[in-house]
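J.: Sequences listed follow chains S, H and R, in order.
Counting from 1, position 131 in the first sequence corresponds to residue 185 in this note's numbering; the numbering is continuous, with no gaps.
Counting from 1, position 333 in the second sequence corresponds to residue 387 in this note's numbering; the numbering is continuous, with no gaps.
Counting from 1, position 108 in the third sequence corresponds to residue 162 in this note's numbering; the numbering is continuous, with no gaps.
Structure provided below as structure tokens; questions to follow.
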Amino acid sequence: MWLTQAHPEVLPRDERGDVVWPGARQHWRATSPVFREHALRLCRAMTEHYRGHPAIVSWHVGNEYGCHNRFDYSDDAMHAFQDWCRERYGTIDAVNEAWGTSFWSQRLTDFGQILPPRFIGEGNFPNPGRLLDFKRFSSDMLKRFYCAERDVLAEITPDIPITTNFMISANQSALDYDDWAREVDFVSNDHYFTPGAQHIDELAYSGSLVGGFARRRPWFLMEQSTSAVNWRGVNPRKQPGELIRDSLLHTAMGADAICYFQWRQSRAGAEKFHSAMLPAAGEDSRIFYDVCELGADLRALAQAGVLGSRLRRSSVAIVYDVQSQWASEHPTTPSRDVREWTEPLDWFVAFAEHDVTTDVTPVHTTWDDYGTIVIPCVYLFDEDVADRLRKHVRGGVRAIVTYYSAIADMNDRLFLGGWPGLIGDVVGVRVEEHCPLTSMYPGALDHLDLSNGACAHDLADVVTSVDDDTQVLATFTAPPTSGTDGLPALTAHRYGDGTAAYVVAGKLGADGIARSLPCLFDALGLPLADDDAAGDVLRVVREHEDGAVFEFLFNRRDHDVAVPDIDGDVIIMSHATRTTLAPTGAIVVRR
Amino acid sequence: MWLTQAHPEVLPRDERGDVVWPGARQHWRATSPVFREHALRLCRAMTEHYRGHPAIVSWHVGNEYGCHNRFDYSDDAMHAFQDWCRERYGTIDAVNEAWGTSFWSQRLTDFGQILPPRFIGEGNFPNPGRLLDFKRFSSDMLKRFYCAERDVLAEITPDIPITTNFMISANQSALDYDDWAREVDFVSNDHYFTPGAQHIDELAYSGSLVGGFARRRPWFLMEQSTSAVNWRGVNPRKQPGELIRDSLLHTAMGADAICYFQWRQSRAGAEKFHSAMLPAAGEDSRIFYDVCELGADLRALAQAGVLGSRLRRSSVAIVYDVQSQWASEHPTTPSRDVREWTEPLDWFVAFAEHDVTTDVTPVHTTWDDYGTIVIPCVYLFDEDVADRLRKHVRGGVRAIVTYYSAIADMNDRLFLGGWPGLIGDVVGVRVEEHCPLTSMYPGALDHLDLSNGACAHDLADVVTSVDDDTQVLATFTAPPTSGTDGLPALTAHRYGDGTAAYVVAGKLGADGIARSLPCLFDALGLPLADDDAAGDVLRVVREHEDGAVFEFLFNRRDHDVAVPDIDGDVIIMSHATRTTLAPTGAIVVRR
Amino acid sequence: MWLTQAHPEVLPRDERGDVVWPGARQHWRATSPVFREHALRLCRAMTEHYRGHPAIVSWHVGNEYGCHNRFDYSDDAMHAFQDWCRERYGTIDAVNEAWGTSFWSQRLTDFGQILPPRFIGEGNFPNPGRLLDFKRFSSDMLKRFYCAERDVLAEITPDIPITTNFMISANQSALDYDDWAREVDFVSNDHYFTPGAQHIDELAYSGSLVGGFARRRPWFLMEQSTSAVNWRGVNPRKQPGELIRDSLLHTAMGADAICYFQWRQSRAGAEKFHSAMLPAAGEDSRIFYDVCELGADLRALAQAGVLGSRLRRSSVAIVYDVQSQWASEHPTTPSRDVREWTEPLDWFVAFAEHDVTTDVTPVHTTWDDYGTIVIPCVYLFDEDVADRLRKHVRGGVRAIVTYYSAIADMNDRLFLGGWPGLIGDVVGVRVEEHCPLTSMYPGALDHLDLSNGACAHDLADVVTSVDDDTQVLATFTAPPTSGTDGLPALTAHRYGDGTAAYVVAGKLGADGIARSLPCLFDALGLPLADDDAAGDVLRVVREHEDGAVFEFLFNRRDHDVAVPDIDGDVIIMSHATRTTLAPTGAIVVRR
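Below, the structure is given as structure tokens:
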């Protein structure tokens, strides 16, 4: 408070130019030289004070960068954005070309005319290229700030590894964590459970994605909750058993440390209703007993040698691209109901229903060693990604590409000539138009049935031609007036030694994808578990360099399920027997 | 961008006083002398440059005035609003009288105290008279700006006709187009289709309204989309056939030119997902083929002589008043669910169900030559309108007046003594109270059934007395506690040589009106087609001074319908045979 | 308008710092020295002008303080808030301790760092202690302003009693009226009916609460509507009979004067659609006839001697605490669906269903003479309240305490060790966790059934232990995975000579409470009317010091109900006979 009183110029401004006042947290702009000076002085003083202290095993710098100050529209930010654009584009003409400023008379003649995307009036629409770049810039400025703090620490205590807690879950996209992950000594994450039916799947998905950013090396779970959080509109508690099960599942997905926000529940302040290891109710409480039990479980796992082991690579990769999500958030798209993040999770869940635990994999990392690559609504494409996909498929890999992929280049400029752009030769289909589906207008088309029993909502493609050697696996069934009846919904196309399936059908949801996977896999020439019990148990395997293998089994249902044959020594058996897993049950086996 | 950088004082301010920053479009205030100077210099330079160029057949000035800068609350606007009030009212006492400033201590002692309706805090309520005048003022300022640009052009190229594209559709009310229409050499309009069931009816309605503003002279369709737009939350595409059908229907309604936004779909920018004549998919596309086919159709129509012909006048006029809509948008009315624009469209559709294509007619134009005049929620009335209605009905014309008509004078001050004000003698009913209907409060009255099977929602009148010679055509059926059971819902009243029906029943919707029209027309002594197939085909006739008659037939259903007997030479037969019209079918006949 | 033109510094600022412009009403900040100077000058001039005028029987000062200017975030407000904190806490360390500023680095080193809770960015969370204090401060500043005006009047006309109109209804919590009531010579209230099913009960509840603030002395009904208001989104009219019935019910609840906003409906201005004693329709109208009839009824009541009589004290008190409501409005609680105000009303209605008209009683007044005290979601507790409850129950009184009571101290800091805090010994249960219920997340727990047939929504407690002598009256029935199946839902606990019931079950609604009251009362050892007709009639009794008793009977249903035996002289019989009450019927008897 004293700093913001002495230096109000460190406070962020919102898009209207209004001061974001102190009284909560993160009341600072990443581009403020004044704040930076004070912050680095603090870093230096603290590090020098604690240098050599035996309890310091790692520095965790800052907290959830960008949680509240992701975007800043101040003049500091404006100048920094101008510099960032100069750095990226070199000339103002290159900016004009990238952002398509000829449209709507937005041509810039000077870097000084570049503004953050400040308030343009209700119902007006921002330039997509500028908006996408501002998201990149905002991630970069926070990263630069983190790096400056990190460098002070590293200078004084060069042997202490450094991290900062990311906020990775299925519906988060604040920062470009695949980029940030290059700047930490090890990845750490904050994860808060999704209440209800998606609890376990979303948690596993997020863990897989964290592992993707960490390049499959072990990571830390820095924050989670023992029970309810406080920041949702309604904050359901965790049901009994979930506290332990969730931590074991994070471990299964690659976590080598399980921490919580927070040790002791705060009596006061904005988060006083957030659960903790030691709750407001005190030590005599279910939560504290479970925390103690978890401690024993984690000790057992550590003693069994799980630390340092790595998640076994899946045969299937689901590609994730935060920048595609950023671009698809623009208000003037075919449908605001299409947001990129739902599709990767839906594919992850659909595969789990067939007993396949997939790897969620950042778009810009290597895809080597996967037999199947899923491209779910990867809206932005460049030649590099297209070439890699082409090369992999040509070499025998199977690809599944969905609607709303390869729509635009890295500056959010549409590919011309039909979609998917750049990779039409791979998938062997040509999309002329999007077909948004909505119940917003009485009488408008609000869904499309597929011949395989699945159903598309929100968005589908209109495929008006396919290559001669493209196989149509399923078609749409719709009123003749819609112009979609009988059009391709799922296709497969031989390309080199591999096959690329194209999922025209739009948003099928996890159920619709699960229903479609058998025919897709059949066309890809791959086997797939397809009985009703296939998805009962989530299996995850961690492997140690020393040869030890740890198999984790979890119940994906809300009823008891049968345990598959266990091969190895049981280390943990929580809410389970050798034959039955209770709903929150978990088994860990070592062999 | 250079101009807003050099002269930020041209940027509008929103109601909170916040700058509306550039980065989208229309970043200028209509009252800025600086912007005006630059804009007129541009007009002059451009006109002098192109003067005499043979390709210039007309000037289309600006683009969609007021689309994004309709309201400006800057100090420039404040001063201009003070001048506008001084011009309109003469004295500050006249302003006080007009706005009823005695209420809530708003008495003004100086024109300098007049403010635009800036932010007054959440949950507070603005003065209705001031708000209505600010809407008039905002339309006037944009018109004054347009006229200044126009005058520069007219001075240099006096023989080139001038227009600007209006934004007229059923749910638009940005500007007073009946006033603007006096300032263009010919009217032109931008129209974007309503997805779903109202597609064809709303389009025909809008065309009829454009014709009303154009005083039934031919007009230009300046913009429409070949398929999806980009600015809705969800943007359904046009179904096959609608591209051609819509253009033929605009032609039928009076358009002599069919243009599109846009020729070539933009790769970049805020509207890149907006369809175009040449779509992103390229020339090998359904859209481009349809555009070419439409070109041939339009050539055939031109060769057949349709240009310059006028829409045949209907026997029924539906009165439209944008200022009534403006006034009824005020937050403190009987029900915010009542907005004027839905009612004229509902009447248009209901008549179409009985094979009557009506003329939508501005309130301040002549109503001569109509046999029936519908007054649907014309909330504002003055003596002139009342006198005209009285004179017409007395002379034999039939009138249908609905609930929420003649509620207030032109300054939005209530008529006293019972509603409808000024014309109670004509309709022969007296309304004491409004009866809002809502499901917002459990147990509150949320609808009223009529004895004729129709049903009222949102708002009804409480008619506590009718004249002795008023005929009650239908009554309400409701719980006795509501105090509305048995009250009049539809009435008719002989007045002079005519009859005036009063539709008490509130918002009946198009279905309820269609169901009520037979008994209304019976009471009015008029015939009405009333079989199930009467509304299958929309018929529109254009007549040329040389005697040529063009009849257009369209299918209003989503299934095939029978074609009525064709009398004349078929010029266009699209998705149709001589006996059957497909859902998007159209036939044009010349005789 | 001239004042805000001459002194714009009197205008409030909203939380963003934006000026709240004039053009509606209450355009002033309570802490402005400039406005205060002008306002007091006006008070003085007016009072001196009218001093001695025989028509002045009372001063009604201002109008609905805080209706639109409750919160002001200007620099004037900031300085006053700093002074208020200095006054309340003495040292900045005491502020830090009260607000828990250690959390989120909010430690203050100087009173000058204290800000009003200005805009902190979307999705960030304010400090609860500061927010609660700002609500107290805002109530205090308006009260201070009122008192200053009052004191001018009292100085000049010391014999004229002074009041100001409060805004008390079930869903209002703008000011701390129990505190304000100490500053008026008699309480007066503005009450506007709730349309639909809650109309009569909410009105009676509000009247009872007004009586609580007035310490059961008679009060004035300063404003109500004859029919519709204008400020809701939809404004249903009053149904026939409600105008008179409502006024009689206000009288029954303790009103000695029945006034209306407004005498004559305004033609113009923001409230022109607000009903009045003389409506826009004129004197020949149902409303005006009813007003006249009401006048006769009120005269009859006055002549019968009802003035000055007091509401007979109920055996049951329902405790009300506006500050608990203020605290529970904070965005980061277990569930934003829990707001304190619904619970007292639900209990009032549930008791009415069993023929008990309860007293709604402020938490900080005496609870003497009640046999039963209900503590419904009284979220804030201090030692004083806990001691009083303990003392009463120990002495034989029955208490019913609900979920979400005694959660935090007066600075909104949680009680530790299990809830309810401070009074766990009285109720004999210990709550470890809240159990929010929601349909927001598919598959999450959205309700809990009780073994007695009631059902909890929104929030329940998780009671993990009860004292040995605690009796479990009902349990939850829920899926085993939820961890709530079989847990206590209703309990009773002997404490001294009394019994305290604890309603774990969360929000049961009026129906669920009504269904649970029989078993609760049975456990409390109290009788309760429990037949289907028990709730048909609302009975209220006023008693005069001279021994006269006035019994008021109202129909709580929307159909005719039977009148209980009448004992005494019938003074009013409106929409009723001696045997039947019509839905809006009322009977007043004197004995």
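We put the beta carbon where it would ideally sit given N, CA and C, even for glycine.
Quick caveat, the model's predicted, so the values are computed rather than measured.
Quick one: what's S628 (chain S) bridged to in DSSP?
T.: Its beta-bridge partners are S:A640.
J.: Can you tell which of H:L513, H:G250 and H:G116 has its C-alpha closest to the C-alpha of S389 (chain H)?
T.: Ranking H:L513, H:G250 and H:G116 by Cα distance to S389 (chain H) puts H:L513 first.
J.: Are G425 (chain H) and V455 (chain H) close, meaning C-beta to C-beta below 8 Å?
T.: No, Cβ-Cβ distance for G425 (chain H) and V455 (chain H) is not below 8 Å.
J.: By how many angstroms is the C-alpha of W285 (chain R) removed from the C-alpha of P416 (chain H)?
T.: Distance between the alpha carbons of P416 (chain H) and W285 (chain R) is about 31 Å.
J.: If we ignore side chains and look at the alpha-carbon of each, how far apart do G622 (chain S) and A636 (chain S) end up?
T.: About 20 Å.
J.: Between which two residues does the alpha helix (DSSP H) containing D129 (chain S) stretch?
T.: That run of the alpha helix (DSSP H) goes D129 to Y143.
J.: H547 (chain S) bridges to which residues according to DSSP?
T.: The partner list for H547 (chain S) (beta bridge, DSSP) reads S:T524 and S:A554.
J.: Are any of the Cβ atoms in chain R nearer than 8 Å to that of Q316 (chain H)?
T.: No, Q316 (chain H) lies away from the interface with chain R (no Cβ there is under 8 Å from its Cβ).
J.: Which whole-angstrom value is the C-beta distance of D344 (chain R) and L297 (chain R), which I expect to be below 8 Å?
T.: About 5 Å; that satisfies the 8 Å criterion.
J.: What did DSSP end up calling T535 (chain S) once you bin it into helix, strand or coil?
T.: Helix, per DSSP.
J.: Per DSSP, what kind of secondary structure is M195 (chain R) in: helix, strand or coil?
T.: Correct three-state label for M195 (chain R): helix.
J.: Please list, in chain order, the chain R residues whose beta carbon lies closer than 8 Å to that of T248 (chain S).
T.: Simply Y495.
J.: Would a check of beta-carbon distances place M55 (chain R) closer than 8 Å to chain H?
T.: Answer yes: the Cβ-Cβ gap between M55 (chain R) and chain H drops below 8 Å somewhere.
J.: Which runs of the beta strand (DSSP E) at least 3 residues long sit entirely within the region 267-347 of chain S? Give them in chain order.
T.: Those beta strand (DSSP E) runs which fall completely within the region 267-347 of chain S and span 3+ residues are 273-277 and 309-312.
J.: What residues of chain S sit near D129 (chain H), judged by a beta carbon separation below 8 Å?
T.: Chain S residues near D129 (chain H): none, gap ~17 Å exceeds 8 Å.
J.: Pair every Cβ in the region 192-210 of chain S with every Cβ in the region 472-483 of chain S, then say whether three or more of these pairs are closer than 8 Å.
T.: Because the criterion of three Cβ pairs below 8 Å is not met, the region 192-210 of chain S and the region 472-483 of chain S do not touch.
J.: For chain S, is any of its Cβ atoms less than 8 Å away from the one on E325 (chain H)?
T.: Answer yes: the Cβ-Cβ gap between E325 (chain H) and chain S drops below 8 Å somewhere.
J.: R172 (chain R) to Y127 (chain R), Cα distance in whole Å?
T.: C-alpha separation (whole angstroms): 7 Å.
J.: Is there at least one Cβ from chain R nearer than 8 Å to I110 (chain H)'s Cβ?
T.: By this cut-off, I110 (chain H) is not an interface position.
J.: Assuming V447 (chain R) and R596 (chain R) make a contact with CB atoms under 8 Å, what is their CB distance in whole Å?
T.: Actually they do not touch by this definition, with Cβ atoms about 30 Å apart.
J.: In chain order, what residues of the same chain lie with their CB nearer than 8 Å to the CB of I210 (chain S), ignoring the 5 residues before and after it?
T.: Only R98, T101, E102 and R105 meet the Cβ criterion.
J.: Would a check of beta-carbon distances place S459 (chain S) closer than 8 Å to chain H?
T.: Taking Cβ atoms only, chain H never reaches closer than 8 Å to S459 (chain S), which makes this a no.
J.: If we count the other Cβ atoms within 10 Å of its Cβ and call it buried at 16 or more, is G542 (chain R) buried or exposed?
T.: Going by the sequence as given, residue 542 (chain R) is Pro instead of Gly. Result: buried.
J.: Hey, does W401 (chain H) have any beta-carbon neighbour from chain S nearer than 8 Å?
T.: W401 (chain H) does not count as touching chain S.
J.: Could you list which residues in chain S have their beta carbon closer than 9 Å to that of G472 (chain R), in chain order?
T.: Residues of chain S passing the Cβ test: A334, A335, G336, D338 and S339.
J.: For Q278 (chain H), decide whether its Cβ has a neighbour in chain S, counting only Cβ atoms nearer than 8 Å.
T.: Answer no: the Cβ-Cβ gap between Q278 (chain H) and chain S never drops below 8 Å.
J.: For D126 (chain S) and chain H, any beta-carbon pair shorter than 8 Å?
T.: No, no contact with chain H.
J.: Going by DSSP, which residues form a beta bridge with F608 (chain R)?
T.: F608 (chain R) is bridged to R:L592 and R:A640.
J.: Below 8 Å on C-beta distance, what does Q59 (chain R) contact in chain C?
T.: This model lacks chain C altogether, as its protein chains are S, H and R.
J.: Based on the DSSP secondary-structure assignment, which residues constitute the bridge partners of W473 (chain S)?
T.: BP columns for W473 (chain S) point to S:V485.
J.: Does chain R have any CB closer than 8 Å to the CB of V88 (chain S)?
T.: No - not a single Cβ of chain R is within 8 Å of the one on V88 (chain S).
J.: For R140 (chain S), collect the residues of the same chain with a Cβ closer than 7 Å to its Cβ; drop the 5 residues on either side in sequence, then sort them by chain order.
T.: Taken in chain order, the residues that qualify are F165.
J.: How would you write the range of the alpha helix (DSSP H) that N150 (chain H) sits in, first residue to last?
T.: I146 to W153 is the span of the alpha helix (DSSP H), which, as asked, contains N150 (chain H).
J.: Going straight from the alpha carbon of A381 (chain S) to that of T529 (chain S), what length do you get?
T.: Taking the straight line joining both Cα atoms gives about 29 Å.
J.: Given this structure, state the Cα-to-Cα distance separating L578 (chain R) from R291 (chain S), to the nearest angstrom.
T.: Spanning the two alpha carbons is a distance of roughly 32 Å.
J.: Please state whether the Cβ-Cβ distance between A404 (chain R) and A568 (chain R) is less than 8 Å.
T.: Yes, they are a contact pair.
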